[in-house]
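According to the working numbering, the sequence shown is numbered sequentially starting from 22. In this text, a Cβ means the ideal position worked out from N, Cα and C, and glycines have one as well.
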Amino acid sequence: MDKLVINGRKRLSGVVEISGAKNAALPIMAASLLAAGEHNIANIPKLRDVMTMGRLIANLGAGFHLEDSRAILDCTAIGNYEAPYDLVSTMRASVLILGPLLARLGKAKVSLPGGCAIGARPINLHLMGLEKMGAKIKLESGYVLAKAKRLKGAQIYFDTPTVTGTENIMMAAALAEGKTVIENAAREPEVVDLANALISMGAKIRGVGDSVVEVEGVNRLSPLDYNIIPDRIEAGTFMTIAGITGSDITIKKCRPDHLDALINKLQDSGIRFHKVRNGLRVVGPERPAAVSTKTMPYPGFPTDMQAQFMAMMCIAEGSSVISEKIFENRFMHVAELRRMGADIMIEGGTATIRGIDLLKGAPLMATDLRASASLIVAALAAEGTTTVHRIYHLDRGYEKIEEKLQRLGAEVRREKE
Ligand code: EPZ
């Protein structure tokens, strides 16, 4: 296992280039199961989860390899329909092969994803939607067994917008017989990117990005030749790094229009943004002002940015209140931030942060992907040395993070445990 050692309180500067979006790459790679032939997906981030998804799809009979940041998948000979526990347990997003497999083969056997650090993460809405489309589903010794001769279009209402649930149903509906209407669909940019990728394969989808999405099933789809969007959460993470260290950095290959809610809050805290060619210049203030927020489904404040934003609020001028409305246990970073001197009180799903002048470096433990990111954000502004252990959590969602930080002038190095 690796750890990151960071000497904080350095003002950063320079340019950082954002990688492709992990949460667009995963569903779009799964969509390749819907069509025989060779698929070409560009701007793929080199991340553990992407390699796991590739292995999962290869395990079903596909060919998979990465050429630089391009994923090549040949899904002509899909024969196996089982996603084993050892693969699924390392990545919850494996559930994304359920819809495409059912649509392509008429059957799927996918290990139930366990919970994870941030919550129970049920998939009841995914299964409800597929059943409405005619799938016979049963749960047996930790697996979802699903069968459907041919999926039929249906009217599906989600009690709560679910990102991968919307993605699973959209992919299943693309090859179903008739029309599927998804109400209260998730509207995240990654869901939109998947819809655009499916349309490029010949799918008929209306209402992309709205909370009501209509999919008219077709008989056949053609292979992908698609370029995925940049990772808005990686871009947002670097914005909070500029904010907490008072740095002036330029973020290339980012889509500011995917981050309106976050940018709004960062502007309230004193960060200034200037559009530049193919990116955004971000200038952090001497000290951020305290700003409160709550996480909501898109276009609200993204839950995947809650921990990083909280790290920045730890040294803000004043007190802020952050409510986590999406997941039941997404405050794993709080105990670690407290070890750096942060003054944070938790009451249920709400954290009150009283800004202090300076965080102190400390040995810390990463627990989940975005909590680990928040520890890096805090360490870059802290006095002294911080060691973040178990950074395999971080490697799931950030491509070469220490190299990108070093290029900005940060004193950070990766060491073996
Ligand atoms: C996706 O997870 C992302 N993962 C998460 O990113 C992200 O935090 C989350 O959406 C919210 O934006 C991928 O896209 C691979 P949900 P997902 O279904 O789809 C409840 C990261 O850091 N729910 O939108 O699993 C659920 O419990 C990861 O990259 C049900 O009740 O999230 C939660 O409270 C972490 N039943 C809420 O909906 C269901 O069947 C939103 O979950 C499905 C979800």
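Query                                                                                                                                                             : Result
Can you tell me which of the three DSSP states Y59 falls into?                                                                                                    : The sequence shown places Glu at residue 59, not Tyr. Strand, per DSSP.
Less than 8 Å between C-beta atoms, sequence neighbours within five positions excluded: which residues of the same chain meet that for P244?                      : S53, A56, A57, G58, E59, H60, N61, C96, M222
Name the DSSP bridge partner or partners of A129?                                                                                                                 : A167
Beta-carbon separation of E204 and V233 under 8 Å?                                                                                                                : yes
Within a Cβ cutoff of 8 Å, which residues of the same chain sit near V131, ignoring the five residues on either side of it in sequence?                           : E103, A104, V109, S115, V116, I118, L119, L122, Y164, V165, A167
My understanding is that A46 touches I270, with C-beta atoms under 8 Å, so please give their C-beta distance in whole angstroms.                                  : The pair is not a contact, with the Cβ atoms about 24 Å apart (cut-off 8 Å).
At which residues does the beta strand (DSSP E) containing E204 begin and terminate?                                                                              : 200-204
Round the Cβ separation of M191 and L172 to the nearest angstrom and send it over; I've been treating them as touching at under 8 Å.                              : Not really, about 12 Å apart at Cβ, beyond 8 Å.
Can you find the residues in the same chain that come closer than 8 Å, C-beta to C-beta, to S90, ignoring five residues on each side of it along the sequence?    : S40, G41, A63, N64, I65, P66, K67
Do you know offhand how far V355's Cα is from K157's?                                                                                                             : 42 Å
Just checking, does the stretch 392-407 make contact with the stretch 319-333 on the three C-beta pairs under 8 Å criterion?                                      : yes
Please list, in chain order, all residues of the same chain as M326 whose beta carbon is under 7 Å from its beta carbon, the five residues on each side excluded. : I254, G257, L283
Alpha carbon to alpha carbon, how far is N101 from D281? Give it in angstroms, no decimals.                                                                       : 42 Å
Measuring only from the beta carbon, is V184 closer than 7 Å to any heavy atom that is part of the ligand EPZ?                                                    : yes
Taking only the alpha-carbon atoms, compute the straight-line gap between E161 and L133 and give it to the nearest angstrom.                                      : 9 Å
Provide the residue span of the alpha helix (DSSP H) that contains A402, from first to last.                                                                      : 390-402
Could you check if N44 is buried or exposed, using at least 16 other CB atoms within 10 Å of its CB as the buried criterion?                                      : buried
Are I412 and A383 touching if we call contact CB-CB under 8 Å?                                                                                                    : no
Taking only heavy atoms of the ligand EPZ into account, decide whether any of them is closer than 7 Å to the Cβ of I144.                                          : yes
Restricting to runs no shorter than 4 residues, where is the alpha helix (DSSP H) found entirely within the stretch 230-276?                                      : 253-266
Quick test of the definition: if touching needs 3 or more C-beta pairs under 8 Å, does the stretch 335-348 touch the stretch 302-317?                             : yes
Reducing DSSP to helix, strand and coil, say where M192 ends up.                                                                                                  : helix
Pick from P320, I272, T314, I374: whose alpha carbon is nearest that of V297?                                                                                     : I272
Taking the straight line between their C-alpha atoms, what separation do you get for I374 and D107?                                                               : 39 Å
Specify the secondary structure class of S221 as computed by DSSP and reduced to three states.                                                                    : helix
Leaving out five residues on either side along the sequence, give the residues of the same chain with a beta carbon under 7 Å from the beta carbon of P320.       : R208, D281, A282
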